[in-house]
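Reading through the structure tokens given below for one structure.
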Amino acid sequence: MSHTKRAWKLQEFVAHSANVNCLALGQKSGRVLVTGGEDRKVNLWAVGKPNCIMSLTGHTTPVESVRFGPDEEMVMAGSMSGALKIWDLEQAKIIRTLTGHKSSIRSLDFHPYGDYAASGSLDFNIKLWDIRRKGCIYNYKGHTDCVNCLRFSPDGKLIASGGADGLVKIWDLTAGKVLTTLNLHCGPVNVVEFHPKELLLGTGSSDKTIKFWDLETFSMVSSTDGNSTPIRSMAFHPDGLCLFSGGKDLLKVYGWEPSECHDSIPISWGDVADITLTQNQLIGASFSQTNVSCYVVDVQRVHPFGGVPNQEGQQQLNSSHNRKSFITERPPTQSSRQASVPKEEAEEPTHDNEDEKETSTADIKNPEDYREIFQPKSRISRSPTRRVEPFPAPPEDGKKESESSKPVPKAVSKQTRQIKSPREPPENSAISAQDFLPKSEQPGNKKSTFVTDESVLQTIQNGHDAMSAVMSSRSKNLQIVRAMWTSGNTKTALDSAISMRDPSVIVDLLNVLNLKTGLWNLDLCSSLLPQVKDLLNSKYESHAEAACNALKIILRNFGPVIKSNITSAPSIGVDLSREERIQKCNACYNFLSEIRITLEKKQSVSGKLGNLYKEVQILMSTMD
1 MSHTKRAWKL
11 QEFVAHSANV
21 NCLALGQKSG
31 RVLVTGGEDR
41 KVNLWAVGKP
51 NCIMSLTGHT
61 TPVESVRFGP
71 DEEMVMAGSM
81 SGALKIWDLE
91 QAKIIRTLTG
101 HKSSIRSLDF
111 HPYGDYAASG
121 SLDFNIKLWD
131 IRRKGCIYNY
141 KGHTDCVNCL
151 RFSPDGKLIA
161 SGGADGLVKI
171 WDLTAGKVLT
181 TLNLHCGPVN
191 VVEFHPKELL
201 LGTGSSDKTI
211 KFWDLETFSM
221 VSSTDGNSTP
231 IRSMAFHPDG
241 LCLFSGGKDL
251 LKVYGWEPSE
261 CHDSIPISWG
271 DVADITLTQN
281 QLIGASFSQT
291 NVSCYVVDVQ
301 RVHPFGGVPN
311 QEGQQQLNSS
321 HNRKSFITER
331 PPTQSSRQAS
341 VPKEEAEEPT
351 HDNEDEKETS
361 TADIKNPEDY
371 REIFQPKSRI
381 SRSPTRRVEP
391 FPAPPEDGKK
401 ESESSKPVPK
411 AVSKQTRQIK
421 SPREPPENSA
431 ISAQDFLPKS
441 EQPGNKKSTF
451 VTDESVLQTI
461 QNGHDAMSAV
471 MSSRSKNLQI
481 VRAMWTSGNT
491 KTALDSAISM
501 RDPSVIVDLL
511 NVLNLKTGLW
521 NLDLCSSLLP
531 QVKDLLNSKY
541 ESHAEAACNA
551 LKIILRNFGP
561 VIKSNITSAP
571 SIGVDLSREE
581 RIQKCNACYN
591 FLSEIRITLE
601 KKQSVSGKLG
611 NLYKEVQILM
621 STMD
């Protein structure tokens with residue numbers, strides 16, 4: 001019987017001087033990690049080791065996305081300003097700076113043959129880049145919101161992209177057009193992955209489902225019943241036998257024909273950012289504030305690869321069902337590689353700025369690890385046949401002490417116990433609440449005394465009545481708003497909520513409207529913008545976050561309308577509806593101008609809220 005864990009935390013370390021925004025694992029070896037942060041740096045790490053190997057600088061705004069090349073010889077990073085930088089890791093120098101996106105780059109991928117790269121942005125566009133010629137050769141338009149994820153197909157002929165608009169699009173690189181749009185997800189699409197062999201695509205969404213798509217018929221093969229949390233990362237088994245899905249503190253293993261969850265493994269990795277498989281182990285990485293954590297799962301102890309077999313007595317894995325496969329043999333010539341990408345658009349190539357090259361540096365922090373990983377003695381040592389030793393599994397909780405031959409310590413008296421350690425509980429006795437309470441010193445008495453149970457209860461009860469009254473009032477107000485809302489008087493419900501002068505009610509209302517964007521109109525915008533402005537200055541982060549999300553919807557959906565109406569020529573004759581619309585647009589524009597000034601003062605804020613402020617500030621440029 002095995003006495004080791006099947007999932008464990010490998011390490012946790014401080015990765016940046018400011019908050020971490022993104023990370024990616026090397027998909028080939030599973031032993032390298034790249035992180036990008038608010039400090040505008042790109043740092044490289046060896047999985048399992050705490051020290052930074054190399055730090056790449058040059059970006060002038062926070063780094064929002066990172067990705068290794070297929071052979072882990074290059075790394076690229078996209079920034080909030082829309083700049084894309086590519087570094088050669090073997091030579092430790094920057095090789096390309098590419099610009100063209102008008103907003104933050106949120107998703108990246110290298111072409112499987114390495115000569116091209118693709119980027120998805122908050123400006124709703126996908127750009128295909130020629131790394132050698134330093135330019136954008138095609139711009140794919142079609143998403144109506146941020147492009148959250150994208151992947152090249154194994155044969156390099158397709159791109160799959162998923163957006164915050166809930167759409168999955170399949171693009172034909174050769175034709176330079178969208179082949180199909182898959183619209184069955186009910187929330188933002190966070191991750192897309194191609195099957196390594198078959199013409200099959202997996203997509204994961206905030207709607208907590210994974211959907212599998214046949215790329216011959218563009219029809220859905222199956223869908224999971226719904227995870228307990230949004231899907232954050234996915235990876236197919238290298239042989240395509242199953243799909244591993246990472247969500248908040250959970251790993252699941254799925255089959256698709258038929259749809260089946262083989263296994264579910266709790267693991268405290270939070271919102272895992274990336275996963276990969278190597279040496280029968282799954283490596284997962286997540287980040288929180290300035291820290292990065294790495295986790296390991298023993299795949300051999302996960303169904304359907306290990307453990308108790310299913311009811312039929314054997315492991316059921318997905319078969320091909322006569323589905324065609326990708327032709328992944330690399331084209332032998334440059335011309336054939338070029339044939340797999342579209343002809344160039346009429347767009348000026350983006351050239352490197354020599355001054356920028358000088359400011360983009362690669363600072364090697366750990367020369368020994370750098371030479372071992374990125375400057376091997378021969379090309380053979382970096383081939384897939386190189387043996388990578390799996391990480392050793394720690395013993396299961398409780399096994400180490402139970403198997404130890406150390407004698408059990410004898411009980412000590414209460415006085416001795418207090419002298420040695422006030423945290424040690426009495427043997428064979430119940431845990432007392434007093435052990436966890438602060439001690440108080442009595443005047444003139446050196447002996448420590450504990451807080452009584454009565455005083456603890458009084459401390460807990462203090463403020464409870466006031467909080468209960470606040471929550472009751474809030475519940476009553478929300479019921480009033482809901483009654484008006486459900487009767488169809490949306491504007492009346494909104495005016496009633498505003499008259500209550502309770503920011504919490506406004507936040508609850510905004511959270512509903514942010515989920516149902518179709519309810520917004522100019523009336524709501526003009527009424528809510530003053531409230532949004534106040535919420536931006538709230539001391540509560542959740543209030544400011546709701547305000548930012550509302551501003552993003554207003555600017556995307558109504559920004560062009562507001563701008564066109566305030567700049568339009570006066571009409572001839574009387575047009576009351578037009579005059580009313582212009583009046584509302586002017587009111588909205590004035591409030592947005594005031595909000596813009598407020599946001600400019602908040603550009604130094606870091607973290608998730610800081611990112612939201614920067615996103616809204618970028619969207620404000622549509623009003624210029």
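The opening residue of the sequence shown carries number 1 in my numbering; numbering runs sequentially from there. Ideal Cβ positions, reconstructed from N, Cα and C, are used throughout, including at glycine.
**Prompt:** Does any CB atom of chain B fall closer than 9 angstroms to the CB of Glu-600?
**Reply:** Protein chain content of the structure displayed is limited to a single chain, and chain B is not contained in it.
**Request:** Can you grab the Cα-Cα spacing for the pair Glu-312 / Lys-252, in whole Å?
**Result:** Note that Glu-312 scores a pLDDT of 36, beneath 50, so its modelled location is shaky and nothing firm can be said.
**Request:** Return yes when the Cβ of Leu-150 is within less than 9 angstroms of the Cβ of Asp-109, no when it is not.
**Result:** Yes. Within cutoff.
**Message:** Using a 10 Å radius around the Cβ and a threshold of 16 neighbouring Cβ atoms, would you call Lys-439 buried or exposed?
**Reply:** Residue placement at Lys-439 cannot be trusted, given a pLDDT of 46 that sits under 50; the coordinates are not used to answer.
**Message:** Determine whether the beta carbon atoms of Asp-165 and Thr-180 lie at a separation below 9 angstroms.
**Reply:** No, the Cβ-Cβ distance between Asp-165 and Thr-180 is not below 9 angstroms.
**Prompt:** Quick one: what does DSSP say Lys-141 is sitting in, helix, strand or coil?
**Reply:** Lys-141: strand per DSSP, three-state reduction.
**Message:** Pop quiz: Val-297 and Gln-279 are said to be a contact at Cβ under 8 angstroms. What is the actual Cβ separation, rounded to whole angstroms?
**Reply:** About 12 angstroms separates the CB atoms of Val-297 and Gln-279; that is not less than 8 angstroms, and the two are not in contact.
**Request:** Apply the 10 Å Cβ neighbour rule to Leu-576 and answer buried if 16 or more other Cβ atoms are within range, or exposed otherwise.
**Result:** Classification of Leu-576: exposed, given that the 10 Å Cβ count is below 16.
**Prompt:** Who pairs with Gln-281 in a beta bridge, going by DSSP?
**Reply:** DSSP, once it has assigned bridges, lists Thr-278, Asp-298 as partnering Gln-281.
**Asked** Where do the ends of the beta strand (DSSP E) carrying Asn-511 lie?
**Response** Premise fails: Asn-511 lies in the alpha helix (DSSP H), 503-515, not in any beta strand (DSSP E).
**Item:** Leu-241 versus Cys-261, Asp-225, Phe-124, residue with shortest Cα-Cα distance
**Value:** The option with the nearest alpha carbon to Leu-241 is Cys-261.
**Item:** Leu-625 - DSSP class collapsed to helix/strand/coil
**Value:** Look at the range of the chain in this structure, 1 to 624, and you will see that residue 625 is not part of it.
**Asked** Could you give the distance in angstroms between the alpha-carbon of Gln-300 and the alpha-carbon of Gly-488?
**Response** Straight-line Cα distance between these residues: approximately 57 angstroms.
**Request:** Could you say which of Asp-274, Met-54, Tyr-370 lies nearest to Met-234 if we only look at CA atoms?
**Result:** Among Asp-274, Met-54, Tyr-370, the Cα nearest to that of Met-234 is on Asp-274.
**Message:** Need the endpoints of the beta strand (DSSP E) that Leu-11 sits in, please.
**Reply:** Here residue 11 turns out to be Gln, not Leu, going by the sequence shown. Its beta strand (DSSP E) spans residues 7-14.
**Item:** Cβ neighbours of Asp-502 in the same chain (closer than 8 angstroms, five flanking residues each side left out)
**Value:** Exclusion of the five residues before and after Asp-502 leaves Ser-473, Arg-474, Asn-477 as the residues of its chain whose Cβ lies within less than 8 angstroms of its Cβ.
**Request:** Mind reading off the beta-carbon distance from Asn-565 to Cys-585? Whole number of angstroms is fine, and I expect it under 8 angstroms.
**Result:** At roughly 4 angstroms, the Cβ-Cβ gap stays under 8 angstroms, so Asn-565 and Cys-585 are in contact.
**Prompt:** Quick one: Cα of Ala-550 to Cα of Leu-98, how far?
**Reply:** Looking at the two C-alpha atoms, the distance is approximately 32 angstroms.
**Request:** Compute the distance between the beta-carbons of Lys-5 and Pro-394, then report whether it is under 9 angstroms.
**Result:** Yes.
**Message:** Suppose you measure from the CA of Asn-291 to the CA of Ser-205; what does that come to, to the nearest Å?
**Reply:** Distance between the alpha carbons of Asn-291 and Ser-205 is about 25 angstroms.
**Request:** Taking only the alpha-carbon atoms, compute the straight-line gap between Pro-536 and Ile-460 and give it to the nearest angstrom.
**Result:** Rather than Pro, the amino acid found at residue 536 in this sequence is Leu. A straight-line Cα-Cα distance of about 32 angstroms links Leu-536 and Ile-460.
**Prompt:** Count the other CB atoms within 10 Å of the CB of Ile-597; is the residue buried (16 or more) or exposed (fewer)?
**Reply:** Exposed: under 16 other Cβ atoms inside 10 Å.
**Prompt:** Distance, Cα to Cα, Thr-203 vs Leu-522?
**Reply:** As the crow flies, the alpha-carbon of Thr-203 is around 35 angstroms from that of Leu-522.
**Message:** So for Pro-266, helix, strand or coil by DSSP?
**Reply:** Shown here, Pro-266 sits in a strand according to DSSP, grouped into three states.
**Request:** Return helix, strand or coil for Ala-164, following the three-state DSSP convention.
**Result:** Ala-164 falls in the coil class under three-state DSSP.
**Request:** Report yes if the CB atom of Ser-65 is closer than 9 angstroms to the CB atom of Ser-119, and no otherwise.
**Result:** For Ser-65 and Ser-119, yes; Cβs fall inside 9 angstroms.
**Message:** Taking the alpha carbon of Lys-134 as the reference point, which residue from Gln-617, Leu-84, Pro-112, Leu-277 has its own alpha carbon closest?
**Reply:** Nearest option by C-alpha distance: Leu-84.
**Item:** Residues bridged to Ile-364 [DSSP beta-bridge criterion]
**Value:** According to DSSP, Ile-364 bridges with Met-54.
**Asked** From this set, Ala-547, Ser-568, Gly-187, Met-54, which residue's C-alpha is nearest Lys-365's C-alpha?
**Response** For Lys-365, the closest alpha carbon among the candidates Ala-547, Ser-568, Gly-187, Met-54 is that of Met-54.
**Request:** With DSSP as the reference, label Cys-186 as helix, strand or coil.
**Result:** In the three-state reduction of the DSSP assignment, Cys-186 falls in the coil class.
**Message:** Can you tell me whether Tyr-613 is buried or exposed? The criterion is at least 16 other CB atoms within 10 Å of its CB, across all chains shown.
**Reply:** By the 10 Å Cβ count, Tyr-613 comes out buried.
**Message:** Let me check understanding here. Comparing Cα to Cα, which of Cys-186, Ser-538, Leu-528, Met-467 lies closest to Leu-515?
**Reply:** Nearest of Cys-186, Ser-538, Leu-528, Met-467 to Leu-515, Cα basis: Cys-186.
**Request:** Work out the CA separation of Leu-619 and Ser-104 for me, nearest whole Å.
**Result:** Roughly 11 angstroms between the two C-alpha positions.
**Local conformation of Cys-22 per DSSP, three classes** = Residue state, collapsed to three classes: strand.
**Request:** Could you round the C-beta distance between Ser-259 and Ser-223 to whole angstroms and report it? I think they count as a contact, below 8 angstroms.
**Result:** For Ser-259 against Ser-223, the beta-carbon gap comes to about 6 angstroms, under 8 angstroms, which counts as contact.
**Asked** Is it the case that the Cβ atoms of Ser-121 and Leu-199 are separated by a distance below 9 angstroms?
**Response** Cβ atoms of Ser-121 and Leu-199: not closer than 9 angstroms.
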